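In the working numbering, the protein residues as written are -18 to 455.
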């Protein structure tokens, strides 16, 4: 990617912008290929979700991720370029697509601020192939036309433009200048009138009663030594008379689950995959990798004493500690295969969420200047035993046999990466696929040798409760 220092265009006016875009158009003519002009702007304040709501179009792709406890949020909308891939090379396909775009990108502006410059937004389904007519492809990647972010008191906006050899520069200048004025002093408008109240929802399950039976079958296979752990999910359907507003649901999730990553990935055609997940697959920044093993669950208590008892019992549970160790050890092995020496915390700790608590072990590693690309690491790690099973090669084929749903993006990955090999991929659990008046909610549980089918069923109900409380009360 070519970076033009801001001091070469010191005047931030329309004439300077036209000069920059003229240079991009000349590059397009010289190379015989369109160029991406990426213009970054540091602003005094901006609220990414409010901006996304203001420009949201159901037919356009969009992306949002935030963890309120980190004071970071990132949003993008409208694809300048996009691509879809399937099969075992889908991560490599996304990487090659991004490399080609970056080789034909020219960036300028406040590039020292967080989340500036071109960012690619991605979603990977759990499986490398999906059935015809699925809501999302096995891999989707896009570069947004508009991107906004906040990071610990710093705010930024990015405009990405496709500049062809015959581009109308005046039209491009007006588009960017209008965005410059809008994002530089964003007008949030009047408050939205309160909603009329919750609407009646019809709840159904494609195969009621099948989940406990699937757990029992999995326990038979575990008992025969076919695999050590398998994660089984279930899906339930909600339907109502009028469409849900995905970003309103997202806002309620982010307010309730501040310790989770709230996310939305819009695939166009009114399809949105939203959720509040506690699970990060990996983060790469400044050459350092961070990932987490999250497995083993317990209830939250009604009071501090009860809550503490649940946490104590979780830390002493042989079943949950074994399930957790499968995830931690798999992460360390697969990082080593990718050339990264991971360092795990000595003991798991408690991750308390609004409605459940988990065992968590953080894992860190150094990538070095010539380290693996984030997407190569994601391809190696996904899916971890936290959402798949172990050994992976034996457990994964059994999931489709036991589950009565197609997972789609559930337990897949949603995330971003940039030209600096920085990025973050989160695991799409505690999630729902919203399509107009219908929503499909997903939750799963890890099955090991001493799992109990009814307890695992109850665990999925607890995990579903957070989404149900939001969607049924809208």
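Positions of the beta carbon are idealized from the N, C-alpha and C atoms, including for glycine.
Fair warning: this is a prediction, and the values are worked out from it, not measured in the lab.
- Between residue 88 and residue 21 a beta carbon distance of about 7 Å is seen, short of the 8 Å cut, so the two are scored as contacting.
- Under a 10 Å Cβ-count criterion, residue 114 is classified as exposed, with fewer than 16 other Cβ atoms of the shown protein chains found around its own Cβ.
- Ranked by Cα distance from residue 220, the options 436, 445, 419 and 431 are led by 419.
- A contact is defined here as three or more CB-CB pairs under 8 Å, and the region 201 to 220 meets this definition with respect to the region 373 to 386.
- Taking each of 309, 232 and 96 in turn and checking the Cα distance to residue 275, the smallest one comes out for 309.
- Residue 269 and residue 340 have their alpha carbons spaced roughly 23 Å apart.
- When C-alpha distances from residue 193 are compared across 441, 435, 451 and 422, the shortest belongs to 435.
- Exposure of residue 7 is indicated by the presence of fewer than 16 other C-beta atoms within 10 angstroms of its C-beta.
- Under the DSSP assignment, residue 89 falls in the beta strand (DSSP E) whose first and last residues are 86 to 90.
- Inter-residue distance for residue 429 and residue 200 is about 7 Å (C-alpha atoms, whole angstroms).
- The beta-carbon distance between residue 48 and residue 242, rounded to whole angstroms, is 5 Å. This is short enough to meet the 8 Å contact definition.
- Here residue 150 really is in contact with residue 2; their C-beta atoms are around 5 Å apart, less than 8 Å.
- Runs of the alpha helix (DSSP H) spanning 4 or more residues and lying entirely within the region 344 to 431 occur at 355 to 362 and 373 to 383, in chain order.
- Short of 8 Å from the beta carbon of residue 455, and not among the five residues preceding or following it, lie these beta carbons of its own chain, in chain order: 176, 179, 180, 225, 226, 229, 230 and 233.
- The residue from 280, 71, -16 and 134 with its alpha-carbon nearest to that of residue 442 is 280.
- Only residues of its own chain outside the window of five on either side were considered, and among them 282 have a CB closer than 8 Å to the CB of residue 289, listed in chain order.
- Listed as beta-bridge partners of residue 127 by DSSP are 58 and 140.
- If you check the CB distance, residue 153 and residue 139 do not come in under 8 Å.
- Spanning the alpha carbons of residue -17 and residue 85 requires a straight line of approximately 8 Å.
- Residue 311 sits away from residue 350, with the two beta carbons spaced by 8 Å or more.
- Residue pairing by DSSP places residue 74 opposite no residue, since no beta bridge is assigned to it.
- Closest in C-alpha terms to residue 423, from the list 126, 218, 261 and 277, comes 218.
- DSSP, read as helix, strand or coil, puts residue 183 in strand.
- Annotation note: the region 208 to 265 contains the following uninterrupted beta strand (DSSP E) runs of length 3 or greater, listed N- to C-terminal: 210 to 220, 242 to 249 and 252 to 258.
- Per DSSP, the beta-bridge partners of residue 17 are 86 and 143.
- For the pair residue 302 and residue 277, the CB atoms are nearer than the 8 Å cut-off.
- Comparing alpha-carbon positions, the option among 124, 73 and 82 lying closest to residue 109 turns out to be 73.
- With distances taken between CA atoms, residue -4 lies nearest to 158 out of 158, 15, 122 and 14.
- The region 185 to 192 makes no contact with the region 397 to 416: fewer than 3 CB pairs, one atom from each, lie closer than 8 Å.
- In this chain, the alpha helix (DSSP H) harbouring residue 296 covers 285 to 297.
- Three or more beta-carbon pairs separated by less than 8 Å link the region 118 to 132 to the region 61 to 72, which places the two stretches in contact.
- CA-CA distance, residue 449 to residue 186, rounds to 14 Å.
- Within 10 angstroms of the beta-carbon of residue 236 lie fewer than 16 other beta-carbons, which makes it exposed.
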